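**Student:** Residue numbers (UniProt numbering): 1 to 727. Even glycine gets a Cβ: it sits at the ideal position worked out from N, Cα and C. Keep in mind that this is a model prediction, so the values were computed, not measured. This structure is in structure tokens; I'll ask about it shortly.
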Amino acid sequence: MAAGGLAGLLPAQTQLEYALLDADTPQEKENLVYQYLKKMDSRERDLTVPELGGDLQWLNTAGPISLHKDLCGKVVVLDFFTYCCINCLHLLPDLHTLERQYSDKDGLIIVGVHSAKFPNEKVLDNIKSAVLRYNIVHPVVNDADATLWHELEVSCWPTLVILGPRGNMLFSLVGEGHREKLFLFTSITLKFYKERGQIKDNNIGIKLYRDTLPPSPLLFPGKVTVDNSGERLVIADTGHHRILVTQKNGQILHTIGGPSSGRRDGRFSEAAFNSPQGITIKNNVIYVADTENHLIRKIDLELEMVTTVAGIGIQGVDKDGGAKGEEQPISSPWDVVFGNSISGTQEGDVLWIAMAGTHQVWALMLEGGKLPKGSDLKKGVCLRFAGSGNEENRNNAYPHKAGFAQPSGLSLASEEPWNCLFVADSESSTVRTISLKDGAVKHLVGGERDPLNLFAFGDVDGAGINAKLQHPLGVTWDKKRKLLYVADSYNHKIKVVDPKMKNCATLAGTGEASNVIGSSFTQSTFNEPGGLCVEENGRLMYVADTNNHQIKVLDLETKILSMALPILNPEACDVPDNLPVQKDKITNLPKLPKSAPVLQLPSLTVAPGQTIQFLLKLTLPPDSKLNEEAPNSWFITAEDNTWLLQGQCLSGEIKDVSCQIIIPFQLPRSCLSAEAILAVKACLYYCSKGSSACMMKGVSFSQPLQIASTNQGSLTQVELIHAFLTN
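As structure tokens, this is what we get:
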């Protein structure tokens with residue numbers, strides 16, 4: 001390769017760029033690019049890209065790809081990216097559009113060259129998750145040691161390099177915002193080399209990773225929040241492009257948007273989002289950071305309507321703001337939280353926004369009011385509150401002079417002495433505070449003192465700057481304990497911070513990216529948790545365990561990670577929320593054979609509104625297998641206490657007895673009796689492996705309930721274990 005890497009392109013491409021600035025018409029621009037290509041193609045020696053090592057790991061392909069063999073005869077766009085980088089994410093819509101316009105049959109191939117910033121991003125499984133999360137459908141190579149990056153002397157993320165059909169370098173585009181040039185350079189390059197008969201129309205072996213995965217109730221949930229009553233959860237089901245409102249037992253109350261991405265206001269069934277992240281709820285109103293639509297959306301649960309309150313639907317570059325919300329362009333909002341203005345009389349009259357795309361924190365005025373160090377503002381105005389827009393880890397007494405690096409999580413501590421916003425500043429691997437008295441931005445934990453060093457990450461418990469985090473995405477304030485919890489995403493942990501002492505320590509997770517629900521917090525594992533919240537009474541924490549596609553529930557009093565929240569579709573549940581139990585639903589439940597044993601369980605003391613989690617574990621006789629074609633199921637009855645069944649999911653399928661089945665049951669808020677008996681039943685059809693004989697077997701678990709008026713805790717678990725015996 002000619003010396004100098006991408007620098008070898010600079011003299012000629014710089015001349016072209018200046019000439020393009022003076023060109024008035026599309027035809028002039030196309031001619032300039034065409035002449036540039038003639039010049040580059042007639043060079044004595046090509047600027048060629050070295051071959052990718054044969055031992056590198058590939059995604060979205062049937063096997064490794066050779067740049068100089070498999071991609072000979074193709075125009076190739078190399079996208080040097082790292083999946084944490086917001087600027088890299090901003091480039092993806094341009095690449096999606098480009099690959100829809102030109103296929104490999106047309107002679108174009110895009111190859112993502114993943115060159116990690118963080119150690120966590122070198123792991124193939126984590127890159128797989130990112131490829132799914134961001135719907136990347138072109139080949140991606142894991143260049144974990146940044147070999148090609150160094151060979152070409154790439155200097156920043158994202159960088160695009162356009163190659164001709166001989167692997168000859170033609171153009172480079174550094175940073176985001178080059179859509180017009182990308183399409184111009186690519187289209188003329190294809191035309192130029194087609195005229196010379198150098199473009200091949202063969203297919204490349206694309207095998208999408210997403211096609212190998214089973215469906216999941218949640219897909220990369222980014223954030224979760226809980227309402228003030230503690231009874232409703234709001235989940236950003238990011239990968240399904242929807243918002244779910246559920247009961248605390250996981251039963252879905254509302255599905256808003258999804259499963260495909262889009263941008264539509266209207267009724268819940270019509271509305272569409274694009275990879276929503278942050279959500280916040282007050283009474284029956286939810287605000288959503290609709291990240292890839294560059295919008296803030298409002299969900300009214302009473303009217304069942306979605307409206308847009310900020311953003312214009314395309315990525316903004318304005319770093320000051322000040323227009324009415326729906327006229328104000330914004331960029332990749334990642335989290336939202338309610339707050340209070342200085343002069344306002346109404347609680348929750350400001351919506352704070354983590355504006356990851358411009359590395360700032362913004363405010364949307366829900367009512368007229370005043371912000372710290374600001375003038376009076378009218379209702380509906382959307383503007384920058386803190387952050388210069390430079391990507392930095394800079395603290396400053398003046399909020400506009402401070403610098404953030406992709407702020408991705410917000411939490412409010414409105415009480416004294418805190419009165420601040422906590423900010424998970426992901427790319428600086430820090431947690432920062434913004435005073436709501438004077439706007440001063442201060443360091444809390446993580447990072448280091450040099451505001452330009454965004455590589456001060458690690459996994460170290462400690463105080464202040466001695467503590468180290470790795471790309472934290474979420475924070476939540478525990479009012480009861482006066483503690484801050486942090487989703488330390490790339491360390492796969494939940495950390496706890498005492499803001500008074502600036503101490504930061506591991507609360508949950510081992511640091512391993514996996515999915516273990518252990519007997520204690522420190523034995524349990526996560527996989528890039530993105531968001532978290534604590535209910536008002538301080539008992540339960542909910543964690544959006546993003547790459548495990550789950551919401552995990554942590555009991556902060558017992559220090560037990562009690563479960564992964566089951567997401568129960570209303571379609572699968574027999575009873576609507578607020579209607580009496582319908583008799584035909586009960587009569588449709590299967591009848592157990594007379595030989596089915598009835599197992600008496602010890603009496604359980606519970607309180608109105610409490611959730612019982614039944615953990616059903618059934619074992620078949622040796623050399624038996626479940627007949628998967630038969631209606632294997634569990635169901636719940638309450639012979640003389642049908643009031644217990646109001647609003648419940650009364651039955652469900654059993655598809656696999658090797659796994660524990662979680663059956664949530666929430667007691668009504670109004671209980672008509674101090675004593676009741678609940679029956680949990682299972683009906684299975686299984687066959688002997690050595691014969692064609694198939695049996696129907698059943699078991700019933702009888703659970704007496706003592707209903708007390710005092711709170712017994714919000715969740716209790718009951719194991720239901722039974723082994724079927726050989727006849």
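Use the C-beta contact count for Glu536: other C-beta atoms within 10 angstroms, 16 or more gives buried, fewer gives exposed.
**Tutor:** For this step, residue 536 is matched to residue 536 along the sequence shown. Exposed, by the Cβ-count rule.
**Student:** Taking buried to mean at least 16 other C-beta atoms within 10 Å of its own C-beta, is Pro11 buried or exposed?
**Tutor:** Your numbering for residue 11 matches position 11 in the sequence shown. The residue is exposed, with fewer than 16 neighbouring Cβ atoms inside 10 Å.
**Student:** Assign Glu719 to buried or exposed, taking buried as 16 or more other Cβ atoms, counted over all protein chains shown, within 10 Å of its Cβ.
**Tutor:** Translated into positions along the sequence shown, residue 719 becomes position 719. Exposed, since its Cβ has fewer than 16 Cβ neighbours within 10 Å.
**Student:** Would you kindly work out how many angstroms separate the C-alpha atoms of Pro329 and Arg297, rounded to a whole number?
**Tutor:** Within the sequence shown, the letter at position 329 stands for residue 329. Within the sequence shown, the letter at position 297 stands for residue 297. One C-alpha to the other measures close to 14 Å.
**Student:** In angstroms, rounded to a whole number, what distance separates the CA positions of Leu469 and Phe183?
**Tutor:** Within the sequence shown, the letter at position 469 stands for residue 469. Within the sequence shown, the letter at position 183 stands for residue 183. Their backbone Cα atoms lie some 39 Å apart in a straight line.
**Student:** Taking C-alpha atoms, which residue in Gly325, Gly538 and Ile661 lies nearest to Leu616?
**Tutor:** By 1-based counting over the sequence shown, the position of residue 616 is 616. With distances taken between Cα atoms, Leu616 lies closest to Ile661.
**Student:** DSSP on Leu473, reduced to helix/strand/coil?
**Tutor:** Counting from one through the sequence shown, the residue named residue 473 turns up at place 473. Shown here, Leu473 sits in coil according to DSSP, grouped into three states, outside any helix or strand.
**Student:** Give the DSSP bridge partners of Asn168, in chain order.
**Tutor:** By one-based count along the sequence shown, residue 168 stands at place 168. In DSSP, Asn168 forms a bridge with Thr48.
**Student:** Near Asp320, which residues of its chain fall below 6 Å by C-beta distance, leaving aside the five closest residues on each side in sequence?
**Tutor:** Looking up residue 320 in the sequence shown gives position 320. Exclusion of the five residues before and after Asp320 leaves Arg384 as the residues of its chain whose Cβ lies within less than 6 Å of its Cβ.
**Student:** What residue does the alpha helix (DSSP H) around Pro11 start on, and which one ends it?
**Tutor:** As a first step, residue 11 is located in the sequence shown; it is residue number 11 there, counting from the start. Pro11 -> alpha helix (DSSP H) spans Leu10 to Asp22.
**Student:** Taking Cβ positions, are His359 and Gly403 nearer each other than 8 Å?
**Tutor:** Within the sequence shown, the letter at position 359 stands for residue 359. Within the sequence shown, the letter at position 403 stands for residue 403. Contact flag set, yes.
**Student:** Using a Cβ-Cβ cut-off of 8 Å (strictly less than) and excluding sequence neighbours within five positions of His241, which residues of its own chain qualify?
**Tutor:** Stepping through the sequence shown from its first residue, residue 241 is reached at position 241. Answer for His241: Gly257, Gly258, Pro259, Ser260, Ser261, Gly262, Ala272, Phe273, Asn274, Ser275 and Pro276, listed in chain order.
**Student:** For the beta strand (DSSP E) that contains Val111, what are its first and last residues?
**Tutor:** Numbered from 1 along the sequence shown, position 111 holds the residue referred to as residue 111. Unbroken beta strand (DSSP E) run through Val111: Leu108 to His114.
**Student:** When the Cα atoms are used, what is the spatial distance from Val553 to Thr238?
**Tutor:** The sequence position of residue 553 within the sequence shown is 553, counting from 1. The sequence position of residue 238 within the sequence shown is 238, counting from 1. For Val553 and Thr238, the distance between alpha carbons rounds to 19 Å.
**Student:** Is Leu364 near Leu377, with beta carbons less than 8 Å apart?
**Tutor:** As a position in the sequence shown, residue 364 is number 364, starting the count at 1. As a position in the sequence shown, residue 377 is number 377, starting the count at 1. In this structure, Leu377 does not lie closer than 8 Å to Leu364 by Cβ.
**Student:** Under the three-state reduction of DSSP, which class applies to Pro399: helix, strand or coil?
**Tutor:** For the purposes of this step, residue 399 is identified with residue 399 of the sequence shown, where counting begins at 1. The answer is helix: DSSP assigns Pro399 an H, G or I state.
**Student:** Quick one, which of Asn419, Val497, Asn390 and Val475 has its alpha-carbon nearest Pro451's?
**Tutor:** Residue 451 sits at position 451 when you count from the first residue of the sequence shown. Among Asn419, Val497, Asn390 and Val475, the Cα nearest to that of Pro451 belongs to Asn390.
**Student:** Strictly by DSSP, which residues pair up with Tyr287?
**Tutor:** Residue mapping note: residue 287 aligns to position 287 of the sequence shown, counting from 1. Per DSSP, the beta bridge partners of Tyr287 are Thr280 and Lys298.
**Student:** Check the DSSP bridge columns for Ser702 and list the partner residues they point to.
**Tutor:** For the purposes of this step, residue 702 is taken as the residue at position 702 of the sequence shown. The secondary-structure analysis by DSSP pairs Ser702 across a beta bridge with Gln600 and Ala679.
**Student:** How many Å lie between residue 730 and Phe185 at the Cα?
**Tutor:** Lying outside 1 to 727, the shown extent of the chain, residue 730 is not represented and no answer is given.
**Student:** Can you give me the Cβ contacts of His294 inside the same chain, cut-off strictly under 8 Å, excluding the 5 residues immediately before and after it?
**Tutor:** In the sequence shown, counting from the first residue as 1, residue 294 sits at position 294. Excluding sequence neighbours, His294 sits near Gly311, Ile312, Gly313, Ile314, Gln315, Gly316, Pro329, Ile330, Ser331, Ser332, Pro333 and Gly357.
**Student:** Between Leu132, Asp145, Thr97 and Ala130, which has its C-alpha nearest Pro119's C-alpha?
**Tutor:** For the purposes of this step, residue 119 is identified with residue 119 of the sequence shown, where counting begins at 1. Measuring from the Cα of Pro119, the nearest candidate turns out to be Asp145.
**Student:** Might you give, ordered along the chain, the residues of its own chain that have their beta carbon closer than 8 Å to the beta carbon of Ala463, omitting 5 neighbours on each side?
**Tutor:** Here the question's residue 463 lines up with position 463 in the sequence shown. Contacts found: Val445, Met501, Lys502, Asn503 and Cys504.
**Student:** Take Ile188 and list the residues in its own chain whose beta-carbon comes closer than 7 Å to its own, dropping the five residues that flank it on each side.
**Tutor:** Here residue 188 refers to the residue found at position 188 when the sequence shown is read from its first residue. These residues qualify, in order along the chain: Glu30, Val33, Tyr34 and Leu37.
**Student:** Measuring only the C-alpha atoms, how far is Leu715 from Cys649?
**Tutor:** Here the question's residue 715 lines up with position 715 in the sequence shown. Here the question's residue 649 lines up with position 649 in the sequence shown. Near 17 Å, if we compare the C-alpha coordinates of Cys649 and Leu715.
**Student:** Helix, strand or coil for Cys420, going by three-state DSSP, please let me know.
**Tutor:** What you label residue 420 is simply residue 420 of the sequence shown in a count that begins at 1. Of the three classes helix, strand and coil, the one that applies to Cys420 here is strand, per DSSP.
**Student:** Using a Cβ-Cβ cutoff of less than 7 Å, which residues in the same chain neighbour Gly54 once the five nearest sequence positions on both sides are dropped?
**Tutor:** Numbered from its first residue, the sequence shown carries residue 54 at position 54. Contacts found: Pro64.
**Student:** Under 8 Å, do Gly474 and Lys248 count as touching if we go by C-beta distance?
**Tutor:** Counting from one through the sequence shown, the residue named residue 474 turns up at place 474. Counting from one through the sequence shown, the residue named residue 248 turns up at place 248. Cβ distance not < 8 Å, so Gly474 and Lys248 don't count as in contact.
**Student:** Considering only C-alpha positions, which residue in the set Pro93, Glu121, Gly107 and Leu163 is nearest to Asn135?
**Tutor:** Indexing the sequence shown from 1 puts residue 135 at position 135. The alpha carbon of Asn135 has as its nearest neighbour, out of Pro93, Glu121, Gly107 and Leu163, the alpha carbon of Pro93.
**Student:** State the Cα-Cα distance for the pair Pro576 and Trp362, rounded to the nearest angstrom.
**Tutor:** By 1-based counting over the sequence shown, the position of residue 576 is 576. By 1-based counting over the sequence shown, the position of residue 362 is 362. Because Pro576 carries a pLDDT of 31, less than 50, the predicted location of this residue cannot be relied on, and the following value inherits that uncertainty. About 40 Å.
**Student:** Taking 8 Å as the CB-CB cut-off, is Ile286 touching chain B?
**Tutor:** No chain B appears in this structure, which consists of one protein chain only.
**Student:** Within this structure, are the beta carbons of Ala405 and Asn396 separated by less than 8 Å?
**Tutor:** Along the sequence shown, read from residue 1 onward, the residue named residue 405 stands at position 405. Along the sequence shown, read from residue 1 onward, the residue named residue 396 stands at position 396. Contact flag unset, no.
**Student:** When you compare each of Val111, Arg264 and Ala708 to Asp143 by their alpha carbons, which one comes out closest?
**Tutor:** For this step, residue 143 is matched to residue 143 along the sequence shown. Checking every option, the nearest Cα to that of Asp143 belongs to Val111.
**Student:** On the premise that Ala544 lies in contact with Leu532, defined as a C-beta separation below 8 Å, what is that separation, rounded to the nearest angstrom?
**Tutor:** Translated into the one-based positions of the sequence shown, residue 532 becomes position 532. Translated into the one-based positions of the sequence shown, residue 544 becomes position 544. The pair is a contact, with the Cβ atoms about 7 Å apart (cut-off 8 Å).
**Student:** Do Ser408 and Ser426 have their C-beta atoms closer together than 8 Å?
**Tutor:** Here residue 408 corresponds to residue number 408 of the sequence shown, with the count starting at 1. Here residue 426 corresponds to residue number 426 of the sequence shown, with the count starting at 1. Taking 8 Å as the Cβ cut-off, Ser408 and Ser426 qualify as a contacting pair.
**Student:** Measure how close the beta-carbons of Ser341 and Lys370 come, nearest whole angstrom, since I'm counting them as under 8 Å.
**Tutor:** Taking the first residue of the sequence shown as position 1, residue 341 is located at position 341. Taking the first residue of the sequence shown as position 1, residue 370 is located at position 370. Contact between Ser341 and Lys370 holds, since their C-beta atoms are separated by about 6 Å, short of 8 Å.
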